[in-house]
Amino acid sequence: MTLNLRPFSLSDTRALRYGAGIMIMLFALLWSAGSVAASVTASVAFELPKESEVQTKLDALAKKEKLTPAQTAQKTEYEQVLSFLDKIDKEKEKIRDIQTQYDKAPAQIKQLMSELTALRSGMDKEEQQKQLERMSLSQLEKKLTSTLSDTQRDQEQLSAVNSQLISMQTLPERAQAAMSKAYQRIQDIRNILNGVSADQEQLSSSRKLLLNTEMALLNVQLERRQKELDTNTTLQDIAQKQRDIFTEKLNQYEALVQLLQQQINSNRLTQSEQTVADAGVTDNASAKALNPLVVKEQDKNQQLSQNLISATQQVNTMVQENIKVKNWLDNVTQTERNLNEQISVLKGSLLLSRILYQQRQMLPDAALAKNLEEKIADLRLQQFEVNRQRDELYQPKTYVDQLLQQNGDANANEVIRKDLMMVLDARKELLDQLNKQLGNQLNLAINLQLNQQQLIRVNSSLQNTLQQQIFWVTSNKPLDWAWIWGLPAAMFYQAQGIIDDVHVGKWISQQLPLLFIVIPMLIMAGLIIWRRKDIVKHLQGLESDIGQLRRDTQLHTPKALLLTLLQEIPGTLIVLSIGMLFIYSNLASPQIIWHLTLRFALAYLAFGMLARILKPGGIAETHFNRHESEINHFRRSLHYIAMAVVPLILVSTIGELDPSTLADDAIGQVITISMLIVMVFLIYPISRSRIDENGNSLLRLLVMFAIMLAPVALIALVALGYYYTALKLTAKLIDSFYLVMLWWVVHETALRGLAVAARRLAYRRAMARRQQKVHENAEGGEIIDEQPMALEQINQQSLRLSNMALFLVFLGAFYWLWSDLVTVISYLDSVTLWHNGVDANGVAVSITLRDVLIAIVFAVVAYVLTRNLPGLLEVLVLSKLQLGQGASYAITTMLSYVITGLGVMLSLSAIGMSWDKLQWIATGLSVGLGFGLQEIFANFVAGLILLFERPIRIGDTITIGNFSGTVSKIRIRATTVTDFDRKEVIIPNKNFVVERLQNWSLTDTITRVIVRVGVAYGSDLELTRKLLLQAARENPRVMNEPEPMVFFLTFGASTLDHELRVYVRELRDRSFAVDELNRRIDQLFRENNIEIAFNQMDIYVKNLNSPAQEEVKFHSTTECLPQGNPAKKVDGSQDSAAL
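Residue numbering for the sequence shown is 41 to 1179, as defined by the numbering used here.
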């Protein structure tokens, strides 16, 4: 099968080309009548120099030993004059060739018409069939090979003619650009020759010669392009006739190949049947008279005969598949080559979009053979088995002896041996033929696999190219005042055309087959409606169980969602039924109406189910615990969004499946713009309320802004003429909206399941505590509070895991949804923003818009991963490795830095900032770090040391200098320490490396506590020791190992000093242990009459007013004091007060 994929030949494109040609000619006439008249006069007056004259001047300059700058410029200008003169000769030769072709065109057209007529009135098919029947198999195969070779040759010639046609069809556009540029250059040259510019230097003779020669060349080029335009229509008719001839030849070749293949298949099958007949396969009646062993071997020949016939039939089928796939491959390759030429010539034009739409509709829908790899493997095994059997028959007598010996009939007579030899001779022939057919089948299967792989690659490349170009090329003219003024008439004609296409009688006659599908769907919908009361009753029962600890389960919400879905099934089935009845209405193609039906049904199901979820007392309120005001706000907006989405579904589906109708789709453009404006007013309040919420992340803000601006961007695309692009994106955004709704429902269901699980776990723990208390106290325990558990009390690890799992699942769903548009990003490679040097081959390296977008994507992905991946790693991996808190924090922190560094490097690399360009910047930064930023750099290095050596960890209690506290954060520059007053202090990391650091919990948290006690002289020292040890052993905070120790240290001035040394497990127990030990020691000493001594002092009071300057000495233990002063005991802590 050969598909003739024409570039384009629509009447509207012809009119567009002819109109462009007329406009160009008018433009040329106006230009030549005006500003170019002087230049043409000048060019006529100017006489072109001869090449020999110019060459003589060059030779004279070459003879000089040293040239001045002016002479060097003259030499260059003379060389350019010679080049221009050569081009003028070539242009004149082209003009003569064009004129010659034009003169011969009538005779050539007549000859081509005669040839085409002769081809169409060729040999009759029946006569050709009879001629082929008289040929042998080898002759047929030879003729088939020759015909396929001719087909390949004509395919290449047809491709060349198509390329020529494309060049002719796009000639007006190319000529317009080239002629406009030439006219502008002529005007510039005329201005230079006339000295229009005031600051212009005087022209040299060589410069004038160069400019006049260039102007002459431009005039000749204009003449050649005008001649091409004048003869374009006639030469294009010749090319079209040539294309028709090659197309007719290819069609005849295709028919001949079919006849040849049929005849070859028939001859091969006849030959195989003849081989089977020559093998002497006997029937059942004759087999009864033969020896059982002979009959058994004859059955094997019978099986081989069937295998041979089957293999021959499979070879014939595979040959047909090979021819079909080869034709598809040739056609697709030709289409791809023609399309690339069209894109290069018509890049970005409105005409290109029409061609692209036509080419996409003409792509072959190839149904390729499957499981070829398995078939090839099976064929190789079969061929190996056939060869093994042939090797066994290499010595037939020995094989017969072995058969008779295995059968226990070694002394068989000669008749049996003769029969066996005949059977084996026939088997040899069968095996030879079968091996040949299997070999042919294997080769055909391999060729078919290779052709299919190539076809898939080429077809995929072609589809990607079409997808990219269609997406980025304008499908309509930009909207302007002319479009607005002509809108009513355009809408009227479009509506009139739709009405005229409907044939009611034919439509009704085609409904009978559809009724067998529609009626069962309506019956199913009626049954569900009939049982709706039971569904509602069951939903109410589930709602009544919500919040009841003993009846509420995790399955309540999924059950409620399924019942809600069941309520929307009848309406969805009715929408499907109505849509199916319109399939043959001729309002559009059946494919478009079927897709519309599916999308309308999906929209009804999605919006209807979400409305039921958000209704008062619905699942959102009872199951998801959403606030009533929030639900009402979203429910009101949902109704308006649904009304706006339905028309957009209609327009986007038609435009996506049949883009060739978009050029005249005035009604669709009005609907699209109107509904998008409605969406702007609906989405803006919702997004604005989300943006104003506190605690929003940067990513969420960006998403909200993107949602707000999406309808505005789509309206702009429609206004600029990118109507198809806007419809494609609209369809994807609608599907994404469904996916977001599904994600919200699943996410809320998962949260509710976690909440129910956490609540039941808390209940079980409370019941366990209650039973334990009842067991310990016969009076019973306290009543368990059955209030719902707050969401914040859910296990955070399970919540993060569920969120991440949902995120990954729906991220994959979003990629699948938008995957067909991923290829359009490659088109951005053609948008060059700047050049970034040259590569090793001297080719300029371009930085395109795609590179910038990729750099932005790398930066965003790095930011998101930096914010989320370390935490996810800690939850999924590090928490299961039983690492310390400091080790986990070090790993996650370093991972954040690595991700950030990779993101920066990849982003810079994407825009051409490779390491060889950044190394000098890095060198400069290193010098700056060594001088101006040495403290920051020192803190950075110290931060790395802290993370790897880990002298401090999160949660450690440390003392550095005179400051103590608990480490709360370790950053790359500084560490945050929370002191015992709960104040956060930022300490540079350098201090932890260079200063003395005391870590109270580096290896373990066990610390020693010392309690010093002084008893009075005369106290029982052994009793004091026992009491101190008793106080230590009774305290639960004091460790038994190492055991407590008491030491009598020294004889003090007033006390016998003792020291109690104990160990506590946790650092936080130190203060509590000292307090408890002091209180217990005081209690034990009082009970055992051991006095805790205090310091004594002597006070001397001088009477400075007494003339005798008496000195009175007071002792704290004396009973006699000065007259009028009572006795006092002054403690050491009261010295200043007493004085």
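We put the CB at the ideal spot given by N, CA and C, even for glycine.
Computed from a predicted model, the values in this text were never measured in an experiment.
Using a 10 Å radius around the Cβ and a threshold of 16 neighbouring Cβ atoms, would you call E661 buried or exposed? Here the question's residue 661 lines up with position 621 in the sequence shown. Result: buried.
If you draw a straight line from the alpha carbon of L269 to that of I510, how long is it in whole angstroms? Position 229 of the sequence shown, counted from the first residue, corresponds to residue 269. Position 470 of the sequence shown, counted from the first residue, corresponds to residue 510. When rounded, the distance between both Cα atoms is 29 Å.
Could you give the residue range of the alpha helix (DSSP H) that holds G952? Residue mapping note: residue 952 aligns to position 912 of the sequence shown, counting from 1. From DSSP, G952 is part of no alpha helix (DSSP H); its letter is neither H nor E.
If V440 and M462 are in contact, beta carbons under 8 Å, what's the gap, nearest whole angstrom? On the sequence shown, position 400 is the one that residue 440 refers to. On the sequence shown, position 422 is the one that residue 462 refers to. Not confirmed; about 11 Å, so no contact.
Name, in chain order, the residues that DSSP records as bridge partners for F664. By one-based count along the sequence shown, residue 664 stands at place 624. F664 pairs with nothing; no bridge assigned.
How many whole angstroms separate the CB atoms of L275 and Q141, which I take to be in contact at a CB cut-off of 8 Å? Against the sequence shown, residue 275 aligns to sequence position 235. Against the sequence shown, residue 141 aligns to sequence position 101. Their Cβ separation, rounded to whole angstroms, is 6 Å, which keeps L275 and Q141 in contact under 8 Å.
Mind checking E337: buried by the 16 CB within 10 Å criterion, or exposed? The residue labelled residue 337 in the question sits at position 297 within the sequence shown. Buried, since its Cβ has 16 or more Cβ neighbours within 10 Å.
Three-state secondary structure (DSSP) at D996? In the sequence shown, the residue the question calls residue 996 occupies position 956. Note: D996 maps to coil in three-state DSSP.
Leaving aside the five residues before and after Q148 along the sequence, list all residues of the same chain whose C-beta is less than 7 Å from its C-beta, in chain order. As a position in the sequence shown, residue 148 is number 108, starting the count at 1. Contacts found: I278.
Taking its Cβ as the centre, do 16 or more other Cβ atoms sit within 10 Å of P1082, making it buried, or is it exposed? Start at 1 with the first residue of the sequence shown, and residue 1082 comes out as number 1042. The residue is exposed, with fewer than 16 neighbouring Cβ atoms inside 10 Å.
Beta-carbon separation (whole angstroms), A351 vs Q489, contact threshold 8 Å: As a first step, residue 351 is located in the sequence shown; it is residue number 311 there, counting from the start. As a first step, residue 489 is located in the sequence shown; it is residue number 449 there, counting from the start. With a Cβ gap of about 18 Å, A351 and Q489 do not count as contacting.
Report yes if the C-beta distance between L582 and K599 is below 8 Å; otherwise report no. Counting from 1 along the sequence shown, the entry for residue 582 is found at position 542. Counting from 1 along the sequence shown, the entry for residue 599 is found at position 559. Cβ atoms of L582 and K599: closer than 8 Å.
Can you check which of these residues, I135, L125, A222, N1039, is closest to T253 by C-alpha distance? Your numbering for residue 253 matches position 213 in the sequence shown. Of I135, L125, A222, N1039, the residue nearest in Cα terms is L125.
Specify, as a first and last residue, the run of the beta strand (DSSP E) that E1099 falls within. Taking the first residue of the sequence shown as 1, we reach residue 1099 at position 1059. Run containing E1099: 1095-1104, per the beta strand (DSSP E) assignment.
Can you tell me whether M719 is buried or exposed? The criterion is at least 16 other CB atoms within 10 Å of its CB, across all chains shown. Your numbering for residue 719 matches position 679 in the sequence shown. By the 10 Å Cβ count, M719 comes out buried.
Where the beta strand (DSSP E) through E1024 begins and ends: As a first step, residue 1024 is located in the sequence shown; it is residue number 984 there, counting from the start. Element bounds for E1024: 1024-1028.
Could you tell me which residues DSSP pairs with K1009 in its beta bridges? The residue you call residue 1009 lines up with position 969 of the sequence shown. Bridge partners of K1009: T1016.
Coil, strand or helix - Y764 by DSSP: Numbered from its first residue, the sequence shown carries residue 764 at position 724. It is helical.
Under 8 Å between C-beta atoms of L156 and K281: Against the sequence shown, residue 156 aligns to sequence position 116. Against the sequence shown, residue 281 aligns to sequence position 241. Yes, the pair counts as a contact, with Cβ atoms nearer than the cut-off.
Restricting to runs no shorter than 4 residues, where is the alpha helix (DSSP H) found entirely within the stretch 396-463? 412-432, 436-446
Grab the span of the beta strand (DSSP E) containing L1037 for me, first residue to last. The residue you call residue 1037 lines up with position 997 of the sequence shown. Start and end: 1037-1039.
Buried or exposed, going by whether 16 or more other CB atoms sit within 10 Å of the CB of S515? Your numbering for residue 515 matches position 475 in the sequence shown. Burial call: buried.
Count the other CB atoms, across all protein chains shown, that sit within 10 Å of the CB of S1195; report buried if there are 16 or more and exposed otherwise. Within the shown structure, residues of the chain are numbered from 41 to 1179, placing residue 1195 beyond reach of any answer.
How many angstroms separate the CA atom of M63 from the CA atom of N231? To locate residue 63, count along the sequence shown from 1; it is residue 23. To locate residue 231, count along the sequence shown from 1; it is residue 191. Note that M63 scores a pLDDT of 46, beneath 50, so its modelled location is shaky and nothing firm can be said.
Grab the span of the beta strand (DSSP E) containing F1088 for me, first residue to last. Here the question's residue 1088 lines up with position 1048 in the sequence shown. Residues 1085-1091.
Mind pulling the alpha helix (DSSP H) runs of 4 or more residues that sit fully within the stretch 636-706? 659-662, 668-697
Can you tell me which residues form a DSSP beta bridge with G1054? Taking the first residue of the sequence shown as position 1, residue 1054 is located at position 1014. According to DSSP, G1054 bridges with D1097.
Which residues DSSP lists as bridging H578, in chain order: Taking the first residue of the sequence shown as 1, we reach residue 578 at position 538. Answer is none; H578 lacks a bridge partner.
Can you list, in chain order, the residues of its chain whose CB lies under 7 Å from that of S617, leaving out five sequence neighbours each side? Within the sequence shown, residue 617 is the residue found at index 577, counting from 1. Only V558, M561, L562 meet the Cβ criterion.
Can you find at least 3 beta carbon pairs, one from the stretch 578-595 and one from the stretch 768-776, that sit closer than 8 Å? no
Between A853 and F640, what straight-line distance do the alpha-carbon atoms span, to the nearest angstrom? Numbered from its first residue, the sequence shown carries residue 853 at position 813. Numbered from its first residue, the sequence shown carries residue 640 at position 600. In a straight line, the C-alpha of A853 is about 21 Å away from that of F640.
Helix, strand or coil: which one does DSSP assign to R990? Working through the sequence shown from its first residue, we reach residue 990 at position 950. Looking at R990 - three-state DSSP - the assignment turns out to be coil, as it is neither helix nor strand.
For V796, tell me which candidate among N362, I894, L595 has the shortest Cα-Cα distance. As a first step, residue 796 must be located in the sequence shown, where it is residue number 756. If we check each option's Cα against that of V796, L595 comes out closest.
Assign N499 to buried or exposed, taking buried as 16 or more other Cβ atoms, counted over all protein chains shown, within 10 Å of its Cβ. Start at 1 with the first residue of the sequence shown, and residue 499 comes out as number 459. It counts as buried.
I'd like to check one pair, I206 with E361: are the Cβ atoms closer than 8 Å? Reading the sequence shown from its first residue, position 321 is the one you call residue 361. Reading the sequence shown from its first residue, position 166 is the one you call residue 206. Not a contact, by the Cβ cut-off of 8 Å.
Any idea if Q477 is buried or exposed, counting beta-carbon neighbours within 10 angstroms, 16 or more meaning buried? The residue labelled residue 477 in the question sits at position 437 within the sequence shown. So Q477 ends up on the buried side.
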